[in-house]
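Trainee:
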Amino acid sequence: MLHIEIDGQQVEVAAGTTIMEAAESLGIYIPFFCYHPKLSVAANCRMCLVDVEKAPKPLPACATPVSDGMKIATASRKAKMAQQGVLEFLLINHPLDCPICDQGGECPLQDITMGFANPHSHYNEEKRVVEDKDIGPLITTEMTRCIQCTRCVRFGQEIGGIKELGATGRGEHMAIGTYVAKAVKSELSGNMIDLCPVGALTSKPFRYKARSWELKHTPGICPHCSTGCNTDVQSLGKEVLRVLPRNNEAVNEQWICDKGRYAYTGLNAPDRVTKPLLRDSQGKWTEVSWAEALEATLAGLEKVLARHGADKLAGLISGQSSNEELFLFQALLRGLGSPHVDHRLHQQDFRADAAMPLYPALNMSLEELEREPLIVLCHGFTRHQQPLTNHRLHKAVLNGGKVVSIDSMRQDFNFPVTQMVAGAGEDLALYQQLAGHFAHVHEEKQSDGLVDLAREMAAADNPLILIGSALLHHPQAADLLAQVESIAELAGGRIGWLADESNSAGAWLSGCVPQRAPGGHLLAEPGLPAGACWNAEMQGFILFGVEPGVDSLAGAQAVQRLRDAEFVLSISHFGNEARQYADVILPMAAFAEGSGSYVNNEGRCQSFRAAVKLPGEARPGWKILRVLGDSLKLPDFQYNELSEVSAAWHHAVGDYGMDIPPFHAFPALEAVQPIPAGALLRLGDWPIYQGDPLVRRAKPLSTPLVARMHPDQARQSGIQGEAVEVSSASGKVTLALDLDTHIPLGCIWIPLGYPETSGLAAPYLPCSVAMAALLPETQRAS
Amino acid sequence: MLSEKSLKAIAFERSKYPQEESRSALLAALRIAQEEQGYLRDELIEYVAEILGLPAIQAFEVATFYTMYDLKPVGRHKLCVCGSVSCFLNGSDRIIGHLSRTLGIGLGETTADGLFTLQEVECLGACKDAPMMQLGDRYYENLTPESLDALIAQLRGGSEDVR
Ligand code: SF4
Ligand code: SF4
Ligand code: FES
Ligand code: FES
Numbered sequence: 000m001l002h003i004e005i006d007g008q009q010v011e012v013a014a015g016t017t018i019m020e021a022a023e024s025l026g027i028y029i030p031f032f033c034y035h036p037k038l039s040v041a042a043n044c045r046m047c048l049v050d051v052e053k054a055p056k057p058l059p060a061c062a063t064p065v066s067d068g069m070k071i072a073t074a075s076r077k078a079k080m081a082q083q084g085v086l087e088f089l090l091i092n093h094p095l096d097c098p099i100c101d102q103g104g105e106c107p108l109q110d111i112t113m114g115f116a117n118p119h120s121h122y123n124e125e126k127r128v129v130e131d132k133d134i135g136p137l138i139t140t141e142m143t144r145c146i147q148c149t150r151c152v153r154f155g156q157e158i159g160g161i162k163e164l165g166a167t168g169r170g171e172h173m174a175i176g177t178y179v180a181k182a183v184k185s186e187l188s189g190n191m192i193d194l195c196p197v198g199a200l201t202s203k204p205f206r207y208k209a210r211s212w213e214l215k216h217t218p219g220i221c222p223h224c225s226t227g228c229n230t231d232v233q234s235l236g237k238e239v240l241r242v243l244p245r246n247n248e249a250v251n252e253q254w255i256c257d258k259g260r261y262a263y264t265g266l267n268a269p270d271r272v273t274k275p276l277l278r279d280s281q282g283k284w285t286e287v288s289w290a291e292a293l294e295a296t297l298a299g300l301e302k303v304l305a306r307h308g309a310d311k312l313a314g315l316i317s318g319q320s321s322n323e324e325l326f327l328f329q330a331l332l333r334g335l336g337s338p339h340v341d342h343r344l345h346q347q348d349f350r351a352d353a354a355m356p357l358y359p360a361l362n363m364s365l366e367e368l369e370r371e372p373l374i375v376l377c378h379g380f381t382r383h384q385q386p387l388t389n390h391r392l393h394k395a396v397l398n399g400g401k402v403v404s405i406d407s408m409r410q411d412f413n414f415p416v417t418q419m420v421a422g423a424g425e426d427l428a429l430y431q432q433l434a435g436h437f438a439h440v441h442e443e444k445q446s447d448g449l450v451d452l453a454r455e456m457a458a459a460d461n462p463l464i465l466i467g468s469a470l471l472h473h474p475q476a477a478d479l480l481a482q483v484e485s486i487a488e489l490a491g492g493r494i495g496w497l498a499d500e501s502n503s504a505g506a507w508l509s510g511c512v513p514q515r516a517p518g519g520h521l522l523a524e525p526g527l528p529a530g531a532c533w534n535a536e537m538q539g540f541i542l543f544g545v546e547p548g549v550d551s552l553a554g555a556q557a558v559q560r561l562r563d564a565e566f567v568l569s570i571s572h573f574g575n576e577a578r579q580y581a582d583v584i585l586p587m588a589a590f591a592e593g594s595g596s597y598v599n600n601e602g603r604c605q606s607f608r609a610a611v612k613l614p615g616e617a618r619p620g621w622k623i624l625r626v627l628g629d630s631l632k633l634p635d636f637q638y639n640e641l642s643e644v645s646a647a648w649h650h651a652v653g654d655y656g657m658d659i660p661p662f663h664a665f666p667a668l669e670a671v672q673p674i675p676a677g678a679l680l681r682l683g684d685w686p687i688y689q690g691d692p693l694v695r696r697a698k699p700l701s702t703p704l705v706a707r708m709h710p711d712q713a714r715q716s717g718i719q720g721e722a723v724e725v726s727s728a729s730g731k732v733t734l735a736l737d738l739d740t741h742i743p744l745g746c747i748w749i750p751l752g753y754p755e756t757s758g759l760a761a762p763y764l765p766c767s768v769a770m771a772a773l774l775p776e777t778q779r780a781s
Numbered sequence: 000m001l002s003e004k005s006l007k008a009i010a011f012e013r014s015k016y017p018q019e020e021s022r023s024a025l026l027a028a029l030r031i032a033q034e035e036q037g038y039l040r041d042e043l044i045e046y047v048a049e050i051l052g053l054p055a056i057q058a059f060e061v062a063t064f065y066t067m068y069d070l071k072p073v074g075r076h077k078l079c080v081c082g083s084v085s086c087f088l089n090g091s092d093r094i095i096g097h098l099s100r101t102l103g104i105g106l107g108e109t110t111a112d113g114l115f116t117l118q119e120v121e122c123l124g125a126c127k128d129a130p131m132m133q134l135g136d137r138y139y140e141n142l143t144p145e146s147l148d149a150l151i152a153q154l155r156g157g158s159e160d161v162r
């Protein structure tokens, strides 16, 4: 321990502590720009100069480690003069356009200038002007305002994995940018806006919308993945104007991903429903009062029940729903006598249902993830599926750990990952081979990726195996899960789940799966899982926040079934898809408009509050369910306040552990149809900005729909040019094509989540391709 | 994009540094590329970055920082006049102005005959004889309009330069 003195206060700090950190621990503020606790030290702004006894000149606090007996003055005449001098230089080239700058009011440069500057500048000459850069639809640049602190560059290199951003030129000519004009492609890019201490990088969708001090702040929880990032939802009047991260070291530190930051821009999509809608016998939609809509709903449901029985009624709810909604939803369906309740639209193989854990739990904290020495990702592309959980994996690698991914294709990680890629349709075989290698890792001399992996896993102390979202989307998910379990056993490792949706954990706990009641209690008579509802002649559906056409693997089949069903109630935010098949659409509160709670991947229950008023006549989801239950005369629906529902949820779910057995005993798995060999297979998953109804509608995030194929495969299939016509048993579509060596031979990658591709066969099914003429413009926008 | 010889030279420079420090060979690699091709086109810079396994922006950062790298074609004689503080206080502006008038070009420009390029550079460490400039690998110090006129006449006359 070193004894030092700052501004007359004594403090003891560990060796290696910088003056800045020591001062922080005493609550002494030293002005700074380039310093950031999460980034490497650059010490290039010099704002933090302080006066150190016996040092000949002022020293930068952020980069100077303390030594024993050091006496530091942060506000002596010498320190003040140095700080004022630095500020005067920084302001030489700063435009001082605060009145038209979005950063105004939350700008360290503005604040520090007010607090520390000498009001007189010696500089009367011209200021420099720097050309703005176009770095994509999310960030506005105003590079003349840049003070070259390089926080954005360091963030890109150290955290975001953005390799395009740098500082070119020298001295007065130095400019931050992407030398060759291109968009910054990182799912974490928006954080640079928060990091930039001036108005050089600001949010494009938020531009000129409001001043920071006018905004109302409401604590939120991001609904777009299972990390459960804490957010600060900022609104003005009835409108959400931006979403920023809220510090929580245990969850998201101080970051959020661009999905969490910009998805709100989808709230006002043209097909937002704000009034109850009713379809008349001619198929025309009319806006009606709640009373009329409810009446029609009750009549429709009663008709289905009377004619076909409750066994022909199914309820599908989104995994983004709150615990309260999930809880009421299953109570509604089960109250009506229907056992068919599910939230797993993304899944098609349910044979392992009996083995599933209480809920998909990471089985450790996100922070602990950073210290894992060996992590094996099983079909999990965390960078797109759980962006900030991915950041913990990135940190594990920075801490000397190793991450290995097993997947159907090579993925574009933003940190070094050893990747094992299955050949077309051979995912199960790959896991089987891996399991097979454990028996003789010690004899085996040959160095093959899989053998090495088995050897490393066997040698590691308790390696961590993470089950990714894409594993559950696979047609042989159950067999894959069983393999993963045996691999974990052979390797002496632990299993963690990467929950698929923001509240998948809550959905399991709340009993929104056909085989379990709230709290995970097994049901004697389980219903059908989501995927099976499409071919079970269901006659009634209650949909809650889902668009099965694009949210399920078999979109075309789902839509067809919904069309053929006698009665479909869609409780929804948006109308485009529901109008194709629903009879009644009830408008529901969307992101930031309702309150509730989520259980994140760790098992952490986090609540959020409504930030803005409901648009039009939309109602909170839980209230809609309550009214339905009440009018259907179901017991236990007499809730007046959300808190009563939350209490009932807690009571029903009980205390659940954060570290739970990752599997129950596996049932005997019936064989499923093998993946056809030899045919061209369709691969695909939900891309990062296509995974839920809101983010799909966020304009700034929209990404053109493109199919991808290995160049050799394209040649072999006789495809030339930039477009391809894909046909499968269920449909045909023409798509833009990119050649991409990440896609294995024998496959074509076509994203899910786009209405255009929902007619195609599900992933891992065969399809055929043919050359196509050029595309309609809209599809190749960028 | 580069000759066998240059690639070898770059590989040699690369071999001087540890595995994970390919960045250290960047300065030399860019110099070698420029020596062969006269100046550094964008694609050439990207190519050098690729050889060293670096993100292109890192090579751009370096190439745009040092005035010794040329990002556009330059004339046969590159007049690099120091404009840093000691030279500035000793009249580097006057020197640059004189050259600019005599040659009919501004900073960063090249004469139509391709003979001269005029450039302002940062301190070259010869402050005691300011103002100064570099031409080829030689320093010219205590510059005056007269000494410059004499030098230019010599160069125009085809005098052997050291480039
Ligand atoms: S753009 Fe902002 S964060 Fe980046 S260097 Fe400039 S001032 Fe710093
Ligand atoms: S990482 Fe997940 S929870 Fe966090 S902001 Fe992104 S989508 Fe939301
Ligand atoms: S904060 Fe210390 S030099 Fe920038
Ligand atoms: S200032 Fe010109 S050589 Fe140093």
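Sequence order for the protein chains is G and V. Quick note, the first sequence lines up with residues 0 to 781 if you use numbering that gives the first Met the number 0. Quick note, the second sequence lines up with residues 0 to 162 if you use numbering that gives the first Met the number 0. Beta carbons are placed, not taken as given, at the ideal position from N, Cα and C, and that holds for glycine.
1. Mind checking which residues open and close the alpha helix (DSSP H) that includes GLN712 of chain G?
2. Find the residues of chain G that neighbour GLU60 of chain V, judging by a C-beta separation of less than 7 Å, and give them in chain order.
3. Given that LYS132 of chain G touches chain V, what residues does it touch there, using C-beta distances under 8 Å?
4. Could you name the residues of chain V that THR177 of chain G contacts, counting a contact when the two beta carbons are closer than 8 Å?
5. Say the cut is 8 Å; is the CB of VAL183 of chain G nearer than that to a heavy atom of ligand 4?
6. Pick from G:GLN385, G:LYS70, G:VAL128, G:LEU568: whose alpha carbon is nearest that of ASP96 of chain G?
7. Only counting the same chain, and skipping five residues up and downstream in sequence, which positions put a Cβ closer than 7 Å to that of ILE623 of chain G?
8. Quick one: does TYR65 of chain V have its CB under 9 Å from some CB of chain G?
9. Is ARG370 of chain G helix, strand or coil when you go by DSSP?
10. Who are ILE584 of chain G's beta bridge partners in DSSP?
11. Within 10 Å of its beta-carbon, does THR143 of chain V have 16 or more other beta-carbons around it, so buried, or fewer, so exposed?
12. How would you write the range of the alpha helix (DSSP H) that GLU425 of chain G sits in, first residue to last?
13. Hey, ASP69 of chain V and TYR38 of chain V: beta-carbon distance below 9 Å or not?
14. How would you label ALA13 of chain G, buried or exposed, when you count the other beta carbons within 10 angstroms and need 16 or more for buried?
15. Could you compute how far the alpha carbon of GLY615 of chain G sits from the alpha carbon of PRO692 of chain G?
16. Could you name the residues that DSSP lists as bridge partners for ASP406 of chain G?
17. Strictly under 9 Å for the Cβ-Cβ distance: is LYS162 of chain G near chain V by that measure?
18. Ligand 2: which residues have Cβ under 5 Å from any of its heavy atoms, chain order?
19. For chain V, check one thing: does any of its Cβ atoms lie closer than 9 Å to the Cβ of HIS121 of chain G?
20. On the criterion of 16 or more Cβ atoms from any shown chain inside 10 Å, does PHE11 of chain V qualify as buried, or is it exposed?
21. Do SER501 of chain G and PRO218 of chain G come within 9 Å of each other at the CB atom, strictly closer than that value?
22. Pick out whichever of G:HIS172, G:ASN251, G:GLN346, G:THR756 has its Cα sitting closest to the Cα of SER468 of chain G.
23. Within 9 Å (strictly less), CB to CB, does ASP41 of chain V reach chain G?
24. Assuming contact is defined by CB atoms lying nearer than 9 Å, are PRO754 of chain G and VAL549 of chain G in contact in what I supplied?
25. Measuring CB to CB, does SER234 of chain G end up less than 9 Å from ALA610 of chain G?
26. Relative to the C-alpha of VAL80 of chain V, which residue among V:ALA62, V:GLU121, V:ALA58, V:THR63 is closest?
27. Which one or two residues does DSSP pair with PRO244 of chain G in a beta bridge?
28. Considering only the beta carbon of each residue, do ALA28 of chain V and ILE9 of chain V sit closer than 9 Å?
29. Ordered along the chain, which non-local residues of its own chain (more than five positions away) have a Cβ less than 7 Å from that of SER66 of chain G?
30. Once the 5 residues before and after GLY593 of chain G are set aside, which same chain residues still bring their CB inside 6 Å of it?
31. Taking 9 Å as the CB-CB cut-off, is HIS172 of chain G touching chain V?
32. Going by other Cβ atoms of all chains shown within 10 Å of its Cβ, with 16 needed for buried, is LYS394 of chain G buried or exposed?
33. How do the segment 57 to 64 of chain G and the segment 73 to 85 of chain G stand: do at least 3 beta-carbon pairs fall below 8 Å, yes or no?
34. Looking at the structure shown, is ARG730 of chain G part of a helix, part of a strand, or coil, going by DSSP?
35. Three-state secondary structure (DSSP) at GLN538 of chain G?
Mentor: Let me spell this out:
1. For the purposes of this step, residue 712 of chain G is taken as residue 713 along the first sequence, with counting starting at 1. Where GLN712 of chain G is concerned, the enclosing alpha helix (DSSP H) stretches over 710 to 715.
2. Here residue 60 of chain V refers to the residue found at position 61 when the second sequence is read from its first residue. Chain G residues near GLU60 of chain V: GLY165, ALA166, THR167.
3. Indexing the first sequence from 1 puts residue 132 of chain G at position 133. Listed along chain V is no residue with a C-beta nearer than 8 Å to that of LYS132 of chain G; the closest approach is about 12 Å.
4. The residue given as residue 177 of chain G occupies position 178 in the first sequence. Here the neighbours are ILE56.
5. For the purposes of this step, residue 183 of chain G is taken as the residue at position 184 of the first sequence. Exclusion of VAL183 of chain G from the 8 Å shell around ligand 4 follows from its C-beta lying no nearer than that to any non-hydrogen atom of the ligand.
6. Locating residue 96 of chain G in the first sequence gives position 97, where the first residue counts as 1. Measuring C-alpha to C-alpha distances from ASP96 of chain G to each of G:GLN385, G:LYS70, G:VAL128, G:LEU568 identifies G:VAL128 as the nearest.
7. Indexing the first sequence from 1 puts residue 623 of chain G at position 624. If the five residues before and after ILE623 of chain G are omitted, its C-beta is found closer than 7 Å to the C-beta atoms of ILE570, LEU585, MET587, all from its own chain and listed in chain order.
8. As a position in the second sequence, residue 65 of chain V is number 66, starting the count at 1. Yes, TYR65 of chain V lies at the interface with chain G (some Cβ there is under 9 Å from its Cβ).
9. On the first sequence, residue 370 of chain G is found 371 positions in, with the first residue counted as 1. In this structure, ARG370 of chain G counts as coil in the three-state DSSP scheme.
10. Residue mapping note: residue 584 of chain G aligns to position 585 of the first sequence, counting from 1. Residue pairing by DSSP puts ILE584 of chain G in a beta bridge opposite G:LEU276, G:SER569.
11. Sequence index remark: in the second sequence, residue 143 of chain V carries index 144 (1-based). Burial call: exposed.
12. Against the first sequence, residue 425 of chain G aligns to sequence position 426. Going by DSSP, GLU425 of chain G is part of no alpha helix (DSSP H) at all; its letter is neither H nor E.
13. For the purposes of this step, residue 69 of chain V is taken as the residue at position 70 of the second sequence. For the purposes of this step, residue 38 of chain V is taken as the residue at position 39 of the second sequence. Against a cut-off of 9 Å, the Cβ pair of TYR38 of chain V and ASP69 of chain V comes out as a contact.
14. As a working note, residue 13 of chain G is residue 14 in the first sequence. Burial call: exposed.
15. Your numbering for residue 615 of chain G matches position 616 in the first sequence. Your numbering for residue 692 of chain G matches position 693 in the first sequence. The straight-line gap from Cα to Cα measures roughly 19 Å.
16. Translated into the one-based positions of the first sequence, residue 406 of chain G becomes position 407. Per DSSP, G:VAL420.
17. Here residue 162 of chain G corresponds to residue number 163 of the first sequence, with the count starting at 1. Closer than 9 Å: yes.
18. Those residues are G:CYS221, G:HIS223, G:CYS224, G:THR226, G:CYS228, G:ILE255, G:CYS256, G:LYS258, G:GLY259, G:PRO386, G:LEU387, given in chain order.
19. Translated into positions along the first sequence, residue 121 of chain G becomes position 122. So, not an interface residue.
20. Here the question's residue 11 of chain V lines up with position 12 in the second sequence. The residue is exposed, with fewer than 16 neighbouring Cβ atoms inside 10 Å.
21. For this step, residue 218 of chain G is matched to residue 219 along the first sequence. For this step, residue 501 of chain G is matched to residue 502 along the first sequence. The Cβ atoms of PRO218 of chain G and SER501 of chain G lie no closer than 9 Å to each other.
22. Numbered from its first residue, the first sequence carries residue 468 of chain G at position 469. Of the candidates G:HIS172, G:ASN251, G:GLN346, G:THR756, the one whose C-alpha sits nearest the C-alpha of SER468 of chain G is G:GLN346.
23. Locating residue 41 of chain V in the second sequence gives position 42, where the first residue counts as 1. Residue contact check for ASP41 of chain V against chain G: a CB pair falls below 9 Å.
24. Within the first sequence, residue 754 of chain G is the residue found at index 755, counting from 1. Within the first sequence, residue 549 of chain G is the residue found at index 550, counting from 1. Contact flag set, yes.
25. Stepping through the first sequence from its first residue, residue 234 of chain G is reached at position 235. Stepping through the first sequence from its first residue, residue 610 of chain G is reached at position 611. Yes, they are a contact pair.
26. Counting from one through the second sequence, the residue named residue 80 of chain V turns up at place 81. Considering only alpha carbons, the answer is V:GLU121.
27. Translated into the one-based positions of the first sequence, residue 244 of chain G becomes position 245. Answer by DSSP bridge pairing, in chain order: G:THR230.
28. Working through the second sequence from its first residue, we reach residue 28 of chain V at position 29. Working through the second sequence from its first residue, we reach residue 9 of chain V at position 10. Against a cut-off of 9 Å, the Cβ pair of ILE9 of chain V and ALA28 of chain V comes out as a contact.
29. Within the first sequence, numbered from 1, the residue matching residue 66 of chain G stands at position 67. LEU1.
30. Here the question's residue 593 of chain G lines up with position 594 in the first sequence. Excluding residues within five positions, the ones whose Cβ falls inside 6 Å are ALA609, PRO619.
31. Taking the first sequence and counting its residues from 1, the one referred to as residue 172 of chain G is at position 173. So yes, HIS172 of chain G belongs to the interface.
32. Sequence index remark: in the first sequence, residue 394 of chain G carries index 395 (1-based). Under a 10 Å Cβ-count criterion, LYS394 of chain G is classified as buried, with 16 or more other Cβ atoms of the shown protein chains found around its own Cβ.
33. Contact annotation: the segment 57 to 64 of chain G touches the segment 73 to 85 of chain G, with at least three C-beta pairs closer than 8 Å.
34. As a working note, residue 730 of chain G is residue 731 in the first sequence. One point to set straight first is that residue 730 of chain G is Gly, not Arg, in the sequence displayed. Note: GLY730 of chain G maps to strand in three-state DSSP.
35. On the first sequence, residue 538 of chain G is found 539 positions in, with the first residue counted as 1. DSSP places GLN538 of chain G in coil when its eight states are reduced to three.
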